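Under the numbering used here, think of the first position of the sequence shown as 13, with each following residue one higher.
By construction, the Cβ of each residue, glycine as well, lies at the ideal position given by its N, Cα and C atoms.
None of these values were measured; they are calculated from a predicted model.
Notes follow once the structure below has been shown.
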Amino acid sequence: MKKASARIGLTNPKSPTNVGAVMRAAGCFEADAVYYTGERYERAAQFHTDTKSVSQRIPLTGVECLLDVMPQLDDDTQLVCIDLVEGAVSLAEFEHPENAFYIFGPEDGSLSQSVVDRADAAVYIPTVGCLNLAATVNVVLYDRQAKRGAAKSGDALIRSSRDRNNSVSFNAE
Numbered sequence: 013m014k015k016a017s018a019r020i021g022l023t024n025p026k027s028p029t030n031v032g033a034v035m036r037a038a039g040c041f042e043a044d045a046v047y048y049t050g051e052r053y054e055r056a057a058q059f060h061t062d063t064k065s066v067s068q069r070i071p072l073t074g075v076e077c078l079l080d081v082m083p084q085l086d087d088d089t090q091l092v093c094i095d096l097v098e099g100a101v102s103l104a105e106f107e108h109p110e111n112a113f114y115i116f117g118p119e120d121g122s123l124s125q126s127v128v129d130r131a132d133a134a135v136y137i138p139t140v141g142c143l144n145l146a147a148t149v150n151v152v153l154y155d156r157q158a159k160r161g162a163a164k165s166g167d168a169l170i171r172s173s174r175d176r177n178n179s180v181s182f183n184a185e
């Protein structure tokens with residue numbers, strides 16, 4: 013059986029710090045690839061913000077248009093727009109598809125109407141105010157993992173995931 017896939021599309025990300033944090037989220041939640049448009053990230057990419065070097069295992073690819081990625085994906089991949097779009101469904105109510113290409117809007121703008129018009133779903137995170145790009149990606153990927161029952165758990169995961177300077181344990185008695 014083929015593994016479910018989650019790919020991420022970033023619309024003209026504003027800062028290299030956010031892209032680095034998105035890459036870290038992609039690694040933590042086992043996304044398959046990250047694509048981005050625009051020139052802002054490339055101009056600032058020299059500031060090594062991918063602190064876990066996730067881009068060595070998960071491709072980070074610049075593209076002219078995120079919609080051009082769709083023909084390269086499996087036929088059953090659904091395009092899911094994540095932005096504060098009127099008519100979108102709340103993430104709390106959203107059922108994630110098996111194979112998804114999540115396209116996120118920029119922090120200082122929104123997705124284009126042409127991208128939203130091509131989407132299978134539009135989703136927003138019900139917050140007061142808006143999250144930054146990296147926080148939004150983290151919340152969506154965690155929600156996907158939790159709702160699909162794919163979240164790993166236990167002390168072995170904790171030991172393999174934490175920083176080497178962390179050896180704290182909890183013993184409830």
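Counted within 10 angstroms of its Cβ, other Cβ atoms place residue i as buried (16 or more) or exposed
i                : result
arginine 156     : buried
phenylalanine 41 : buried
threonine 139    : exposed
threonine 73     : exposed
proline 109      : buried
alanine 21       : Before going further, note that residue 21 is glycine rather than alanine in the sequence given. By the 10 Å Cβ count, glycine 21 comes out buried.
alanine 43       : buried
8 Å CB neighbourhood of residue i in its chain, flanking five on each side removed
i            : result
glutamate 76 : Thr49
alanine 16   : Glu110, Asn111, Arg160, Ala162
Chain-order list of residues whose beta-carbon lies under 7 Å from that of residue i (same chain, five-residue window excluded)
i           : result
proline 118 : Thr23, Asn24, Pro25, Lys26
leucine 79  : Val127, Arg130
Residues of its chain near residue i, where Cβ-Cβ distance is below 6 Å and the 5 sequence neighbours each way are ignored
i           : result
serine 122  : Asp95
alanine 112 : Ala18, Gln90, Val92
alanine 37  : Val149, Asn150, Leu153
Test item: CB-CB of residue i and residue j under 9 Å
i            : j            : result
threonine 29 : alanine 147  : no
valine 101   : tyrosine 136 : yes
valine 46    : proline 71   : yes
**Start-end ranges of the alpha helix (DSSP H) lying completely within the stretch 73-141, minimum 4 residues** = 125-130
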